[in-house]
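For reference, the structure is listed below as structure tokens.
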Amino acid sequence: MASAEAESFTRAYHAGVRGTQAIVRRASVAGWVVGVSGVLALGALALFFWVGQPWGTINDLLLIITIGAMPFLMLAFWELGGLTPTPLALTAQVLGWLAAATWCVTHLLFVLGVVDIDYQAAAATGAYAVESVALVYIGLWIAGAGLLAGPWLTAIRWLGVIVGVGIALYGLGTIVSGTRGVLTYAGAVAYLLLFPAWGLVMGTFLGRRGGVEAA
Numbered sequence: 010m011a012s013a014e015a016e017s018f019t020r021a022y023h024a025g026v027r028g029t030q031a032i033v034r035r036a037s038v039a040g041w042v043v044g045v046s047g048v049l050a051l052g053a054l055a056l057f058f059w060v061g062q063p064w065g066t067i068n069d070l071l072l073i074i075t076i077g078a079m080p081f082l083m084l085a086f087w088e089l090g091g092l093t094p095t096p097l098a099l100t101a102q103v104l105g106w107l108a109a110a111t112w113c114v115t116h117l118l119f120v121l122g123v124v125d126i127d128y129q130a131a132a133a134t135g136a137y138a139v140e141s142v143a144l145v146y147i148g149l150w151i152a153g154a155g156l157l158a159g160p161w162l163t164a165i166r167w168l169g170v171i172v173g174v175g176i177a178l179y180g181l182g183t184i185v186s187g188t189r190g191v192l193t194y195a196g197a198v199a200y201l202l203l204f205p206a207w208g209l210v211m212g213t214f215l216g217r218r219g220g221v222e223a224a
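Quick note on numbering: the working numbering labels position 105 of the sequence shown as 114, and the sequence is numbered without any gaps.
Rendered as structure tokens:
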């Protein structure tokens, strides 16, 4: 009887480890997606300001891919564990997924011409405001996840904190003063430059980790 129970426990244990490995592998890929698509989006944005369309639309589509990859990274933070009590961590996860989905759907509707976003407005309104609020939460999530992650995450957590705070400032800045405010300019450094770098760092780190169990 004891042997059967031990065998059952071993099977369940190994199944759990394989589940963690799969989640971490997907998160590693997602990190690379965030990094590569973010870099390409920045390049497309530069080309848009230089020669115009279709680079603006390409930039928009690449940003949708970038934000759309975030839930996979979020899930890895949940799986590997942290200092946040489970109910709060679960709430943060769900809200994070919803924020990413909201941003992606809203921006896709903008690309399709269903909603209008005026980037020249003095402050974000309508669909622009919806995106900005979602971005603020995503930024706060990245910062909080980095700060409160368990010992499995090394000193690179502080890059996440900086990136997250910067993205939140960018979103807040667009709500307050559109694309021309001080907060927006300061946050844009994190959103456009450091966010892709964080994705590449996390993708590399989680890929090397290879699915080590939660800590």
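The beta carbon of each residue, even a glycine, is placed where N, CA and C say it ideally should be.
Only a predicted model underlies this, so the values are computations on that prediction, with no experimental measurement involved.
Could you pull the DSSP bridge partners for residue i from this structure?
{"i": "Gly91", "result": "Ala158"}
Would you say the beta carbon of residue i comes nearer than 8 Å to a heavy atom of the ligand MG?
{"i": "Asp127", "result": "Of ligands this structure carries none, so the ligand MG is not represented either."}
If you count every other CB in all the chains shown that lies within 10 Å of the CB of residue i, and 16 or more means buried, which is it?
{"i": "Leu92", "result": "exposed"}
{"i": "Val42", "result": "buried"}
{"i": "Thr75", "result": "buried"}
{"i": "Val139", "result": "buried"}
{"i": "Trp112", "result": "buried"}
{"i": "Val60", "result": "exposed"}
{"i": "Gly153", "result": "buried"}
{"i": "Ala133", "result": "buried"}
{"i": "Gly190", "result": "buried"}
{"i": "Leu162", "result": "buried"}
{"i": "Leu121", "result": "exposed"}
To which residues of the same chain is residue i closer than 6 Å at the C-beta, ignoring the five residues directly before and after it?
{"i": "Leu209", "result": "Gly44"}
{"i": "Gly196", "result": "Gly175, Leu178, Tyr179, Gly182"}
{"i": "Ala199", "result": "Val172, Gly175, Ile176"}
{"i": "Ser46", "result": "Leu71, Ile74, Thr75"}
{"i": "Val170", "result": "Ala152, Gly155, Leu156"}
Which residues in the same chain as residue i place their Cβ atom closer than 7 Å to its Cβ, once the five residues preceding and following it in sequence are excluded?
{"i": "Ala85", "result": "Ile32, Val33, Ala36, Leu215"}
{"i": "Trp64", "result": "Ala53, Leu56, Phe57"}
{"i": "Leu144", "result": "Trp112, Ile176, Tyr179, Gly180"}
Excluding the 5 residues flanking residue i on each side, which residues of the same chain have their C-beta closer than 8 Å to its C-beta?
{"i": "Ala98", "result": "Trp87, Gly91"}
{"i": "Leu104", "result": "Tyr146, Trp150"}
{"i": "Ala136", "result": "Thr115, Leu118, Phe119, Val124, Asp125, Ile126"}
{"i": "Leu192", "result": "Leu178, Tyr179, Leu181, Gly182, Val185, Ser186"}
{"i": "Leu168", "result": "Gly155, Leu203, Ala206, Trp207, Val210"}
{"i": "Arg166", "result": "Gly155, Leu156, Ala158"}
Using 8 Å for Cβ pairs, my map puts residue i next to residue j. What's the rounded Cβ distance?
{"i": "Phe204", "j": "Val174", "result": "Their Cβ separation, rounded to whole angstroms, is 12 Å, which puts Phe204 and Val174 out of contact at 8 Å."}
{"i": "Tyr128", "j": "Thr188", "result": "5 Å"}
{"i": "Ala50", "j": "Leu82", "result": "Incorrect: roughly 17 Å between the Cβ atoms, too far for contact."}
{"i": "Gly77", "j": "Ala108", "result": "That pair is no contact at about 12 Å."}
Comparing the C-beta of residue i with each C-beta of chain D, is any distance below 9 Å?
{"i": "Val145", "result": "In the structure shown, chain D does not exist; there is a single protein chain."}
For the segment 78-153, which segments carrying the alpha helix (DSSP H) assignment without a break, of at least 4 residues, lie completely within its bounds, in sequence order?
Within the segment 78-153, complete alpha helix (DSSP H) segments of at least 4 residues are found at 79-89, 95-120, given in chain order.
Can you check the segment 172-214 for any alpha helix (DSSP H) of at least 4 residues that lies completely inside it and give the ranges in chain order?
Correct list: 191-197.
Let me know the alpha helix (DSSP H) ranges lying completely inside the segment 49-81, each 4 residues or longer, listed in chain order.
64-77, all fully within the segment 49-81.
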